[in-house]
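Position in the first sequence (from 1) plus 864 gives the number in the numbering used here. Have a look at the structure below, then the notes.
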Amino acid sequence: MKQSFYERIYALVHEIPKGKIATYGQLALLAGSPRASRIVGAAMAKAPAGRNLPCHRVIYTDGRLLPGGAFGGMEIQRQLLQKEGVTFLRDGRVDVKRNLWQPGSLVSAALEGTENMFPDA
DNA sequence: CAAGTGACAATAA
DNA sequence: TTTATTGCCACTT
865 MKQSFYERIY ALVHEIPKGK IATYGQLALL AGSPRASRIV GAAMAKAPAG
915 RNLPCHRVIY TDGRLLPGGA FGGMEIQRQL LQKEGVTFLR DGRVDVKRNL
965 WQPGSLVSAA LEGTENMFPD A
């Protein structure tokens, strides 16, 4: 029985370790559709309570949080991430380069050729 | 079956 | 640098 992409997304988000963050594009890539970043967002938006999804660890590729206050205020989200151990830039953005979730060997094949993902620390 | 929708991402100005 | 537009894919109606 095949699970919808949404279920796949939920599983991935649930796999995000504490103190790390992931971007919608990253989750989409892991889900199997590198361009389905919007699907990830849609999945989060429709994410049913009970899954305890750490959706606050999912941010933009720029390291920017959700404007408007999808979590009840993005400042809340910033506090949460900071409390988890995620480092922030002075611009108020998450340091994606340092805190991006890197799932073991799972990505090795997907990122084949991306030898230098972090040119600068 | 066709059109519309959206917690995004990349490119242009 | 920020703002605006386009493309994108799965899901809903």
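Beta carbons: idealized from backbone N, C-alpha and C, even for Gly. Owing to the predicted nature of the structure, the values given are computational and were not obtained by experimental measurement.
Could you tell me the boundaries of the alpha helix (DSSP H) in which Glu901 lies? With the sequence shown as reference, residue 901 is identified as Ser, and Glu is not the correct amino acid for it. 901-909 is the extent of the alpha helix (DSSP H) around Ser901.
Do you know whose CA, among Asp926, Thr925, Ile940, lies nearest Gly932's CA? Ile940
Within a Cβ cutoff of 7 Å, which residues of the same chain sit near Val877, ignoring the five residues on either side of it in sequence? Leu891, Leu917, Pro918, Cys919, Val922
Alpha-carbon to alpha-carbon, Ala895 and Met981: Because the pLDDT at Met981 is just 47, under 50, the model does not fix this residue reliably, and the value given afterwards should be weighed accordingly. Looking at the two C-alpha atoms, the distance is approximately 20 Å.
Could you spell out where the alpha helix (DSSP H) holding Arg962 opens and where it closes? 960-963
By a C-beta neighbour count over all protein chains shown, 10 Å radius and 16 as the cutoff for buried, is Leu945 buried or exposed? Its Cβ being crowded by 16 or more others within 10 Å, Leu945 is buried.
Reduced DSSP category for Val922 - H, G, I as helix; E, B as strand; rest coil: strand
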